Amino acid sequence: MPTETVLITGATKGIGLEFAKVFAGHRYNLVLVARDVTLLEQQAENLKKDYGVQVNTFAGDLSSHTTVESLHQHLKSEEINIDILINNAGAGGLGSMTDLDIKKELECLQLNMISLTYLTKLIADEMVKRKQGKILNVASTAAFQPTPGMSMYGASKSYVLTFSEAIAEELKGTGVQVSVLCPPSTKTPLTEGLAATGTKIFIKNLMEPEAVAKCGFEGLMKNKTVIIPGFKNKIMAKSVGLLPRKWVTIYTRKMIEQKV
Ligand SMILES: NC(=O)c1ccc[n+]([C@@H]2O[C@H](COP(=O)([O-])OP(=O)(O)OC[C@H]3O[C@@H](n4cnc5c(N)ncnc54)[C@H](OP(=O)(O)O)[C@@H]3O)[C@@H](O)[C@H]2O)c1
Numbered sequence: 001m002p003t004e005t006v007l008i009t010g011a012t013k014g015i016g017l018e019f020a021k022v023f024a025g026h027r028y029n030l031v032l033v034a035r036d037v038t039l040l041e042q043q044a045e046n047l048k049k050d051y052g053v054q055v056n057t058f059a060g061d062l063s064s065h066t067t068v069e070s071l072h073q074h075l076k077s078e079e080i081n082i083d084i085l086i087n088n089a090g091a092g093g094l095g096s097m098t099d100l101d102i103k104k105e106l107e108c109l110q111l112n113m114i115s116l117t118y119l120t121k122l123i124a125d126e127m128v129k130r131k132q133g134k135i136l137n138v139a140s141t142a143a144f145q146p147t148p149g150m151s152m153y154g155a156s157k158s159y160v161l162t163f164s165e166a167i168a169e170e171l172k173g174t175g176v177q178v179s180v181l182c183p184p185s186t187k188t189p190l191t192e193g194l195a196a197t198g199t200k201i202f203i204k205n206l207m208e209p210e211a212v213a214k215c216g217f218e219g220l221m222k223n224k225t226v227i228i229p230g231f232k233n234k235i236m237a238k239s240v241g242l243l244p245r246k247w248v249t250i251y252t253r254k255m256i257e258q259k260v
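My numbering numbers the first residue of the sequence shown as 1 and each following residue consecutively.
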């Protein structure tokens, strides 16, 4: 039986589910978190059957930070130590800030930033005490520049990027490694939903979620701080800093608004 455990938020679909498969394939026990309890139990059964690892589940809505406390309590009562934390759950709306439903967006900001930060803090404290552990936060290529047309989502992912880079530095020498994964548009239920708008970046040239999760796993194991899947995306992320910010913002708006 495996001895190390990975906690994955948003593990029932898309990139999170692929992370669960990659880690189970490398003989890690799993703790999976998502809201839909039926799908959560179904995916847990499939993973147990397919990989022979232990799978623990916690159903809860991470857009409330009190859920992070309940999840932490759940881990304590089940006596589970987390060796690797994957903060994957994330969401955000497409559209202009004034058109979007602000209540929904605030929940997304809470999920993408506040709950991610809180869970990172609670688990990192325990990892530091044990002098070992790894944390992978999922940002996006949207993190590297302003993203008109998904301004709040992009800004929340910029937070995930810089927060992760900062704590990676703070935790140097403690035995705890922090990485941040910046996927490009990826074929998942999230983008399948957004594809209905005809938006090109959610329809054409999408990366497969398996490839994104594999790249994230390999980067984490190599102790890379910032992990960007795909050569072209790495170049784009690097070149953004060399160009005038205003041009980059105007170009990004064009890209986000382009229809097929
Ligand atoms: N797909 C892309 O193009 C892309 C690109 C760059 C970055 N990313 C990032 O990658 C991560 C995964 O994206 P994805 O496309 O795989 O998403 P997805 O297909 O929408 O899957 C999201 C997962 O998170 C869970 N989840 C959503 N909201 C939650 C909440 N409030 N509390 C707990 N669990 C929640 C969902 O299950 P329930 O609905 O049952 O809760 C599901 O398991 C996100 O952080 C996203 O921002 C995605």
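Note that CB positions come from ideal geometry on N, CA and C, so glycine has one too. No experiment lies behind these values; they were computed from the predicted model shown.
Query raised in the report: Who are the Cβ neighbours of K131 in its own chain at under 7 Å, not counting the five residues just before and after it?
Result: Locating residue 131 in the sequence shown gives position 131, where the first residue counts as 1. Within the same chain, and ignoring the five residues on either side of K131 in sequence, the residues whose Cβ sits closer than 7 Å to its Cβ are T174, G175.
Report task. Would you kindly report the start and end of the unbroken beta strand (DSSP E) that includes V33? Result -> Within the sequence shown, residue 33 is the residue found at index 33, counting from 1. It spans 29-34 - the beta strand (DSSP E) in which V33 sits, taken as one unbroken run.
Report task. Measure the alpha-carbon distance for H72 versus I86 and round it to whole angstroms. Result -> Taking the first residue of the sequence shown as position 1, residue 72 is located at position 72. Taking the first residue of the sequence shown as position 1, residue 86 is located at position 86. One Cα belongs to H72, the other to I86, and the distance between them is close to 14 Å.
Query raised in the report: Should S140 go down as buried or exposed, given a rule of 16 or more other Cβ atoms within 10 Å for buried?
Result: Working through the sequence shown from its first residue, we reach residue 140 at position 140. With 16 or more other Cβ atoms within 10 Å, it is buried.
Report task. Under 7 Å Cβ to Cβ from P148, same chain only, skipping five residues before and after it: list those, please. Result -> Position 148 of the sequence shown, counted from the first residue, corresponds to residue 148. Non-local beta-carbon contacts of P148 in its own chain, meaning distances under 7 Å to residues more than five positions away in sequence, involve T249, T252, R253, I256 in chain order.
**Report entry** Terminal residues of the alpha helix (DSSP H) in which F19 lies
**Finding:** Translated into the one-based positions of the sequence shown, residue 19 becomes position 19. F19 -> alpha helix (DSSP H) spans 14-25.
**Report entry** Check whether G90 and G198 have beta carbons under 8 Å apart
**Finding:** Within the sequence shown, the letter at position 90 stands for residue 90. Within the sequence shown, the letter at position 198 stands for residue 198. In this structure, G90 sits away from G198, with a CB-CB distance that is not shorter than 8 Å.
Query - DSSP beta-bridge partners of F58 - result: Counting from 1 along the sequence shown, the entry for residue 58 is found at position 58. F58 pairs with V33.
Requested in this report: Examine ligand 1 and report whether any of its heavy atoms sits within less than 7 Å of the Cβ of V138.
Outcome: Within the sequence shown, residue 138 is the residue found at index 138, counting from 1. Taking 7 Å as the cut-off, the C-beta of V138 counts as close to a heavy atom of ligand 1.
Query raised in the report: What residue from V6, K234, C215 has the CA that sits closest to A142's CA?
Result: For the purposes of this step, residue 142 is identified with residue 142 of the sequence shown, where counting begins at 1. Looking at V6, K234, C215, the one whose alpha-carbon comes closest to that of A142 is K234.
Report task. Could you work out which residue in K157, M150, Q145, S156 is closest to P244 when comparing CA atoms only? Result -> Working through the sequence shown from its first residue, we reach residue 244 at position 244. Selected option, being the one with the closest Cα: Q145.
Query raised in the report: Is it buried or exposed for V37, if we count other Cβ within 10 angstroms and need 16 for buried?
Result: Mapped onto the sequence shown, residue 37 falls at position 37. With fewer than 16 other CB atoms across the displayed protein chains lying within 10 angstroms of its CB, V37 is exposed.
Requested in this report: Please say whether L206 and L94 have beta carbons closer to each other than 8 Å?
Outcome: The sequence position of residue 94 within the sequence shown is 94, counting from 1. The sequence position of residue 206 within the sequence shown is 206, counting from 1. Result no, Cβ atoms of L94 and L206 do not sit closer than 8 Å.
Report task. Output the distance between the C-alpha atoms of L190 and L30, rounded to the nearest integer angstrom. Result -> Against the sequence shown, residue 190 aligns to sequence position 190. Against the sequence shown, residue 30 aligns to sequence position 30. One Cα belongs to L190, the other to L30, and the distance between them is close to 23 Å.
Report task. Give a yes or no on contact between the region 2-19 and the region 211-224, applying the rule of three or more CB pairs nearer than 8 Å. Result -> Yes, since at least three Cβ pairs between the region 2-19 and the region 211-224 fall closer than 8 Å, the two stretches touch.
Report task. Evaluate D99 with the Cβ neighbour count: other Cβ atoms within 10 Å of its Cβ, from every protein chain shown; 16 or more gives buried, anything less gives exposed. Result -> Start at 1 with the first residue of the sequence shown, and residue 99 comes out as number 99. By the neighbour-count rule (16 or more Cβ atoms within 10 Å), D99 is not buried but exposed.
Query raised in the report: Taking contact to mean at least 3 C-beta pairs separated by less than 8 Å, is the region 115-124 in contact with the region 154-171?
Result: A contact exists between the region 115-124 and the region 154-171.
**Report entry** Assigned secondary structure, I102 (DSSP; H/G/I helix, E/B strand, else coil)
**Finding:** Position 102 of the sequence shown holds residue 102. I102 sits in a helix when the DSSP states are folded into three classes.
Requested in this report: Select from P183, K48, T3 the residue whose C-alpha is nearest the C-alpha of N81.
Outcome: As a first step, residue 81 must be located in the sequence shown, where it is residue number 81. Looking at the Cα atoms, T3 is the closest of the given residues.
Query raised in the report: Is the distance from the Cβ of V138 to the Cβ of L111 below 8 Å?
Result: As a working note, residue 138 is residue 138 in the sequence shown. As a working note, residue 111 is residue 111 in the sequence shown. In terms of Cβ geometry, V138 and L111 do not form a close pair [threshold 8 Å].
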